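K.L.:
Numbered according to my numbering, the sequence shown spans residues 3 to 259.
The beta-carbon is built from N, C-alpha and C at its ideal position, and this holds for glycine as well.
Since the structure is predicted, the reported quantities are computational estimates derived from the model, not experimental observations.
The structure is given below, and queries will be raised subsequently.
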Amino acid sequence: MDKSMHSLHQHFHLPHIREAGASRPFHWLRLGWGDMRDNLGASLTYGIFFAAVGYSILTYASGKLYLFTAAISGFFLVGPIAAAGLYEISRRHDRGEPASFGTSLRGLTRHGDSLMYFGLFLAITLIAWERLSAILFALFYQGAVPELSNFARDVFLSGDYTHFVVAYLVVGGALAAVVFALSAIAIPMIMDRDIDAISAAMTSAKAVGVNLGAMALWAALIVALVAVGFATMMIGMVVLLPLLGHATWHAYRDLVD
Numbered sequence: 003m004d005k006s007m008h009s010l011h012q013h014f015h016l017p018h019i020r021e022a023g024a025s026r027p028f029h030w031l032r033l034g035w036g037d038m039r040d041n042l043g044a045s046l047t048y049g050i051f052f053a054a055v056g057y058s059i060l061t062y063a064s065g066k067l068y069l070f071t072a073a074i075s076g077f078f079l080v081g082p083i084a085a086a087g088l089y090e091i092s093r094r095h096d097r098g099e100p101a102s103f104g105t106s107l108r109g110l111t112r113h114g115d116s117l118m119y120f121g122l123f124l125a126i127t128l129i130a131w132e133r134l135s136a137i138l139f140a141l142f143y144q145g146a147v148p149e150l151s152n153f154a155r156d157v158f159l160s161g162d163y164t165h166f167v168v169a170y171l172v173v174g175g176a177l178a179a180v181v182f183a184l185s186a187i188a189i190p191m192i193m194d195r196d197i198d199a200i201s202a203a204m205t206s207a208k209a210v211g212v213n214l215g216a217m218a219l220w221a222a223l224i225v226a227l228v229a230v231g232f233a234t235m236m237i238g239m240v241v242l243l244p245l246l247g248h249a250t251w252h253a254y255r256d257l258v259d
């Protein structure tokens, strides 16, 4: 891993990465909670908006099982760019500047090109995952795809689709791991510095490589909290998405010089 990080540093002029203790993500969540509490109106506006959008997408996708599962897992792929406005709120809060929903939207234009390119990368990844999901369903389901209400029973309890579950988790997990490494702190960094999208992604990958323990816990916490949001029919996402967005800002500030 050290050789890989050294190679990255040779090809890109990357900032120094600090090492964080394995339990550091809980500290980021505490700081994120403070940001949300101090900017409650703006934060919850984002939470309500994305919870409503997410609910609408899931409702639309529920008629097509492969699309429904792709939509849920795809949330993790596009989440980093969706929370960009929340990073701007935390950035302004850190500087003691007024932070509101309006100022956070205006902040998105400050480094608009880099944000656009990174967002395009995430959008392409999401489309690729949707297609891969459809292919996996087509390959492993010889008959009709089960209804959503019977999916968990048929796939996880019947034992007939073990190969499908393994393939879906391996392919989806590998894609998610790559996207997480490249985007974990990239967008907060773009919001904060004059940096291109590729350098931000490489810095993020370096931060993950240097802090594997902490970032593995951070990824697990993100998955767990987002799962709670989905389990509550997106209601929990009203609070959890802003919390994760603000905490991600503090992860970036903690890890990058």
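(1) Exposed or buried, residue 58, counting other C-beta atoms within 10 Å across all chains shown (16 or more means buried)?
(2) Less than 8 Å between the CB atoms is what I'm expecting for residue 252 and residue 30, so what's the real figure, rounded?
(3) Unbroken beta strand (DSSP E) runs of length 3 or more, entirely within the segment 158 to 218: which are they?
(4) So, are the CB atoms of residue 121 and residue 244 less than 8 Å apart?
(5) Would you please state the rounded distance, in angstroms, between the beta carbons of residue 124 and residue 80? I believe it to be under 8 Å.
(6) In whole angstroms, give me the CA-to-CA distance for residue 184 and residue 163.
(7) Using DSSP bridges, identify the partner residues of residue 258.
(8) Between 83, 187, 198, 82, which has its C-alpha nearest residue 116's C-alpha?
(9) Does the separation of the CB atoms of residue 193 and residue 113 fall below 8 Å?
(10) Whole angstroms are fine: how far does the CA of residue 86 sit from the CA of residue 46?
(11) Can you give me the C-alpha to C-alpha distance between residue 64 and residue 118, rounded to a whole angstrom?
(12) Kindly indicate which residue of 100, 72, 21 has the alpha-carbon position closest to the one of residue 41.
(13) With a CB to CB cut of under 8 Å and the five nearest residues on each side skipped, what residues in its chain are close to residue 54?
(14) By alpha-carbon positions, which one of 257, 34, 171 ends up nearest to residue 211?
(15) With DSSP collapsed to three states, give me the class of residue 64.
(16) Assuming residue 219 and residue 24 are in contact, meaning their beta carbons sit under 8 Å apart, how far apart are those beta carbons, in whole angstroms?
(17) Could you tell me the boundaries of the alpha helix (DSSP H) in which residue 104 lies?
(18) Classify residue 76 as helix, strand or coil using the three-state DSSP reduction.
(19) Would you mind giving the Cβ-Cβ distance between residue 139 and residue 67, rounded to the nearest angstrom? I have them listed as a contact below 8 Å.
(20) Short of 7 Å in beta carbon distance, which residues of its chain neighbour residue 22, apart from the five on each side in sequence? Order them along the chain.
(21) Return helix, strand or coil for residue 99, following the three-state DSSP convention.
(22) Just how far apart, CA to CA, sit residue 226 and residue 111?
(23) Tell me whether the beta-carbon of residue 89 lies closer than 8 Å to the beta-carbon of residue 200.
(24) Please classify residue 107 as buried or exposed, where buried requires at least 16 other C-beta atoms within 10 Å of its C-beta.
P.N.:
With the given structure in hand:
(1) Residue 58 is exposed by the Cβ-count criterion.
(2) Correct: roughly 4 Å between the Cβ atoms.
(3) Complete beta strand (DSSP E) runs here, min 3: none at all.
(4) At a Cβ-Cβ threshold of 8 Å, residue 121 and residue 244 do not count as neighbours.
(5) The beta-carbon separation of residue 124 and residue 80, rounded to 5 Å, stays under the 8 Å limit for a contact.
(6) Taking the straight line joining both Cα atoms gives about 32 Å.
(7) Residue 258 is bridged by DSSP to 19.
(8) Among 83, 187, 198, 82, the Cα nearest to that of residue 116 belongs to 198.
(9) Yes, the pair counts as a contact, with Cβ atoms nearer than the cut-off.
(10) Residue 46 and residue 86: Cα-Cα distance of roughly 14 Å.
(11) C-alpha separation (whole angstroms): 29 Å.
(12) That would be 100, whose Cα lies nearest to the Cα of residue 41.
(13) Closer than 8 Å at the Cβ level, and outside the excluded window around residue 54, lie 236.
(14) Considering only alpha carbons, the answer is 257.
(15) Residue 64 falls in the coil class under three-state DSSP.
(16) Rounded, the Cβ-Cβ distance is 6 Å, consistent with contact.
(17) It spans 103 to 109 - the alpha helix (DSSP H) in which residue 104 sits, taken as one unbroken run.
(18) Here DSSP, grouped into helix, strand and coil, assigns residue 76 to helix.
(19) Under the criterion of beta carbons closer than 8 Å, residue 139 and residue 67 qualify as touching, at roughly 7 Å.
(20) Shown here for residue 22: same chain residues with a beta carbon closer than 7 Å to its own, the five before and five after excluded, namely 213, 216, 256, 257 in chain order.
(21) Residue state, collapsed to three classes: coil.
(22) Approximately 32 Å, taken between the alpha carbons.
(23) No, the pair does not count as a contact, with Cβ atoms beyond the cut-off.
(24) Exposed, by the Cβ-count rule.
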